[in-house]
Amino acid sequence: MELFSAHDVVKNFDKFRALSEVSISVAEGSIFGLLGPNGAGKTTLIRIINQITAPDSGKLEFKGRPLKAEDVYQIGYLPEERGLYKKMKVGEQALYLAQLKGMSRRDAMKQLKYWFEKFDIIPWWDKKVMELSKGMQQKVQFICTVLHQPELLIFDEPFSGFDPINADLLKNEILKLREKGATIIFSTHNMASVEELCDHIALIDKSKKILDGPTQEIRQQYKSNIFEVEYRGDYHKLTQKLSDTYQILAHEQSDPANKLSVQFINGSTPNDLIRGLLEHVEIVSFNEIIPSMNDVFIKVVTDNKQG
Amino acid sequence: MKKVGIIIKREYNTRVKKKSFIILTLLMPVLFAAVTILPTYLATMNDTEERTVAVYDGSGIFLGRLESSEYTKFHFIPKEDYDKLRDNLKESNYYALLAIPPNVINTNNVQLFSEKNIPFDLKNQIDRNLSSIVEKDKRSELLKQAAVPDLEQKLEAARTNIHVNTIRVGDKGEEHKSSTEIAMVLGYIFGFMIYIFIFIYGTMVMRGVMEEKQNRIVEVIISSVKPFELMMGKIVGIALVGLTQFAIWVVLFIGIFNVAKGFIPDMSPEQAQNLMAQSQMSGQMENVAQSSQMQEIFSMMSNINFPLIIGCFFFFFIGGYLLYSSLFGAVGSAIDSEEDAQQFTLPVTIPLIVAIIVMMNAITNPEGQIAFWFSLIPFTSPVVMMVRIPFGVPVWELLLSMALLVGTFVGTVWVAGKIYRTGILMYGKKPTWKELGKWLTYRS
């Protein structure tokens, strides 16, 4: 079931078109990756979902009905450009932000206690934000985003500014939130984390959506018949043998097994390759190479530029 | 609406709890008191040092006539001692040496020698004493020559001091004693206070908006509330800070005034008057005139419509503040840094500065064309109208001015809201005026 969807959203700033008929559909309980190069229109779309700006045209639906003003209580947003009041105390500030999200002071206190204990940051409560390091501030900000237990969470570059340990902590928290039923829209340039976290992605470039689908399917879709073989046997003989039929992308001698990476060019199948190999060498492993999200991203955006 | 309340609360609390606010609020009346009351207090303190002044009277007309006062004694010395003393003044017990030349009646000059700086009061005392003696002598010489019987008494009776009573005639012909001076002072105080308050708290709104933009917290907040709610919450919260400060000042001023009354012995009207009369060394006639003037001031004070003035002060303060703070807020949203502020605040502050210039004119001519028009124009009316009110303003002018002010601040708040909601999300480049205009047309 879908929790949120946008249909044909258009947004112009003066003569500049920021979004051009973009549609996305975010399934309940999933992590949805919103990708795209800088300036593609991601932030504009995220602001529209948060009702910070209104689209010029297009429909927005939340839980199957048009998005309402009160739905902001059900959304938690961690913007890329984030910050807190520097001179305000951490606890006071978290309470303030929670109350603006419609929580009562009492509920906010209860939730804050839970999160401060969980992150082991109770001593920070009475500190001013400016006394905390950037990473510490990010933690506080993360808590403020999820505190009101929103059904839809929007994270824009959540890992920037975190060290690897804290980034991992955060990643696990995001996964736990999904387990508890939250739906997450996740925008990042870090493709490794997209592969790891996202069930579904949409890629926006130059104000248009140019790619949309489940992460694994998209990677399958962009594979280009590349196989990697590890074998034991004569390196030079094999190179000679294969170079007529296949394009050899890489071939290296190493211990205990040599590594070969080939691409099929004229309709041959993996079985043909295995048959050919069996005559000469001993196969240790045989894998099809599925492109990383990074490769997909670069390919799609580069093609879009040329086309 | 509930969320605006939460925002107002935060804006108010964070500012009122600031150390700088508390210190300034408490210190201001103390400083003010120090500046105004202390000199008065010191002036009333008597100089209690006993001084003996040696007098060498070459003319011989002052002997026995120069009266010693409580703390200043005059001691006449002969010529021989004078020469000796002049060289050894330091070793002697005399504080100073007064040398009167034989021809003082013609030259009007005497010399006062001392090792120390002669206090102003002492110099004055000698000056007055000598002058009055010489004057008396010259006068009686003239009177003798004129040979008119009882001329002295007649001249005394002829001394005149005409006092102008200003009376304001009301619409129905009723008369009010009025005082241009009191109206001027009140007009000046209230007009200037509105100017200062609008300036301080208007720029406070601007800095608050800039802080949120620079901290990048604004995007988090407007994902919970509408930008307009955030802007209004801030404007109202800061207005309450201003009113709090004003209220504290009023209370403190009243308190300090009462305490100060205890410190200064001569604060009752009669005594204060005596003090003035003494210091002026004036005759009986003036003294009487002054005491009636004092009574007049009190009666005129009671004729001034303070509830109207205070009521109008709050109205024009809030109206003017809303007008300007919304514009300052819009400026704060459009810029990234303090340095860019100059270019955009200037057009906002120019009308305010015009208002203060017109105020100077309106004080001397509250019914003039300039005062009339600028007290209707909403950008200057809070200051200029406040100056005119103590002089009395026709009801229709007051109501028209108020209506125009309300209409205009509704307009500026609307315009500011439009610029604000776009400006707070624009980072990096400094916008042009043309771009600000375009922001007005963006959909929210």
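Those sequence lines, one after another, are chains W and E. Letter by letter, the first sequence follows residues 1 to 307 of the working numbering. Letter by letter, the second sequence follows residues 1001 to 1444 of the working numbering. We put the beta carbon where it would ideally sit given N, CA and C, even for glycine.
Flag this pair as yes or no: are the beta carbons of G1242/E and M1386/E separated by less than 9 Å? no
To the nearest angstrom, how far is the alpha carbon of S1268/E from that of I1037/E? Reliability of the predicted coordinates at S1268/E is poor, the pLDDT of 48 falling under 50, and the value obtained from them is presented with this limitation in mind. Answer to the nearest angstrom: the Cα atoms are 15 Å apart.
Tell me whether K1009/E sits in a helix, a strand or coil according to DSSP, three-state version. helix
Identify, in the order they occur along the chain, each residue of the same chain with its Cβ nearer than 8 Å to the Cβ of N50/W, setting aside the five sequence neighbours on each side. Cβ within range, chain order: V72, I75, Y77, I154.
By alpha-carbon positions, which one of G1060/E, S1131/E, E1181/E ends up nearest to V1164/E? When each option's Cα is compared against that of V1164/E, the closest is E1181/E.
Since E2/W meets chain A, which of its residues come closer than 8 Å, beta carbon to beta carbon? Considering every chain present, this structure includes no chain A. Its protein chains are W and E.
Considering only the alpha carbon of each residue, which of D126/W, I184/W, P158/W lies closest to L152/W? I184/W
So, are the CB atoms of L3/W and E28/W less than 9 Å apart? The answer is yes: Cβ separation under 9 Å.
Sequence ranges, beta strand (DSSP E) only - wholly within the segment 7-38 of chain W, length at least 3: As far as the segment 7-38 of chain W is concerned, its whole beta strand (DSSP E) runs of at least 3 residues are 16-27, 31-35.
Say whether chain W places a C-beta atom closer than 9 Å to the C-beta of Y1445/E. The first residue shown for chain E is 1001 and the last is 1444, placing residue 1445/E beyond what the model contains.
Could one say the Cβ of S1333/E lies closer than 9 Å to chain W's Cβ atoms, at least one of them? no
How big is the Cα-Cα spacing for G1329/E and L1376/E? The straight-line gap from Cα to Cα measures roughly 24 Å.
Residues that DSSP places opposite D212/W in a beta bridge: A202/W
Got a sec: is the Cβ-Cβ distance from K1019/E to anything in chain W below 9 Å? no
With a threshold of 16 other CB atoms inside 10 Å of the CB of E1212/E, please say whether the residue is buried or exposed. buried
By a C-beta neighbour count over all protein chains shown, 10 Å radius and 16 as the cutoff for buried, is K305/W buried or exposed? Residue burial is scored here from C-beta neighbours: K305/W has fewer than 16 other C-beta atoms within 10 angstroms and is therefore classed as exposed.
Between S292/W and D1340/E, what straight-line distance do the alpha-carbon atoms span, to the nearest angstrom? Computed Cα separation, rounded: 45 Å.
I274/W: which of I283/W, S23/W, G267/W sits nearest, CA to CA? Checking every option, the nearest Cα to that of I274/W belongs to I283/W.
Quick one: Cα of Y1452/E to Cα of F1199/E, how far? Nothing can be reported for residue 1452/E: it is not among the residues displayed for chain E, which extend from 1001 to 1444.
Determine the burial state of Q1284/E: buried for a count of at least 16 other Cβ atoms within 10 Å of its Cβ, exposed for fewer. Note that Q1284/E scores a pLDDT of 45, beneath 50, so its modelled location is shaky; the value from the coordinates is reported in the next line. When all chains shown are included, Q1284/E counts as exposed.
Whether G1319/E touches P1382/E by CB criterion (9 Å): Yes, they are a contact pair.
Starting from the Cα of M1204/E, find the closest Cα among G1237/E, F1315/E, M1028/E and give me that residue. G1237/E
Given this structure, state the Cα-to-Cα distance separating A1096/E from D1137/E, to the nearest angstrom. 26 Å
Answer yes if the segment 31-51 of chain W comes into contact with the segment 170-188 of chain W, meaning at least three C-beta pairs across the two stretches below 8 Å, and no otherwise. The segment 170-188 of chain W is in contact with the segment 31-51 of chain W.
State the Cα-Cα distance for the pair L60/W and I52/W, rounded to the nearest angstrom. L60/W and I52/W: Cα-Cα distance of roughly 13 Å.
With three or more C-beta pairs closer than 8 Å as the rule, is the segment 1222-1235 of chain E touching the segment 1417-1424 of chain E? yes
So, using beta-carbon positions, are Y1056/E and K1079/E closer together than 9 Å? yes
One or two residues paired with E2/W in a DSSP bridge: Here E2/W is bridged, per DSSP, to A27/W.
Please confirm whether I1008/E has its beta-carbon closer than 9 Å to some beta-carbon of chain W. no
Proximal chain W residues relative to I1221/E, where beta-carbon distance stays under 8 Å: L97, L100
At a cut-off of 8 Å, is R1128/E close to the ligand ADP when judged by its beta-carbon and the heavy atoms of the ligand? Within the structure as shown, the ligand ADP is missing, as the structure has no ligands at all.
Alpha helix (DSSP H) containing D1340/E: first to last residue? 1338-1364
Find out if the Cβ-Cβ distance for the pair I290/W, K223/W is shorter than 9 Å. yes
C-alpha gap between K139/W and A182/W, whole angstroms: Roughly 19 Å between the two C-alpha positions.
Host beta strand (DSSP E) of Y1056/E (start-end): 1051-1057
Continuous beta strand (DSSP E) assignments of at least 3 residues falling wholly in the segment 1090-1140 of chain E: Runs of the beta strand (DSSP E) inside the segment 1090-1140 of chain E: 1096-1100, 1111-1114.
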